[in-house]
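Residues 22 to 75 (the numbering used here) are what the sequence shown spells out, left to right. In what follows, a structure is listed as C-alpha cells, so that the remarks can point back to it.
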Amino acid sequence: PVAVGQGIAATRQLAKRQLTWLRNEPGWQPLHGDLARQLDEVARSLKTLGRCPE
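Here's what the structure looks like:
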C-alpha cells in the first residue's frame, strides 16, 4: 500500500510538471477556451483533498 501511494504521488508530480511545461510553451493555446480554468480547478481540488503535493 505504501508503494502504491508513492507511485500515485510521483505520477501526480510528473503530471503537474508536464502541465507547467505545456503552459510555458511559446504559442500554446488550450484546446478548449476554458481548459486552463478547468485544469486549475482540478489542481485546487486535489490540493484541497491533500492529494496533490505543492
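C-beta: ideal position from N, C-alpha, C; glycine also. Only a predicted model underlies this, so the values are computations on that prediction, with no experimental measurement involved.
Nearest-angstrom Cβ-Cβ length linking residue i and residue j, presumed shorter than 8 Å
i: L40; j: L60; result: 6 Å
Alpha-carbon to alpha-carbon, residue j and residue i
i: A57; j: R38; result: 15 Å
i: A31; j: A24; result: 10 Å
i: P22; j: G28; result: 10 Å
i: G48; j: D55; result: 16 Å
i: R44; j: T69; result: 22 Å
Residue range of the unbroken alpha helix (DSSP H) whose run includes residue i
i: G28; result: 23-45
i: Q59; result: 56-69
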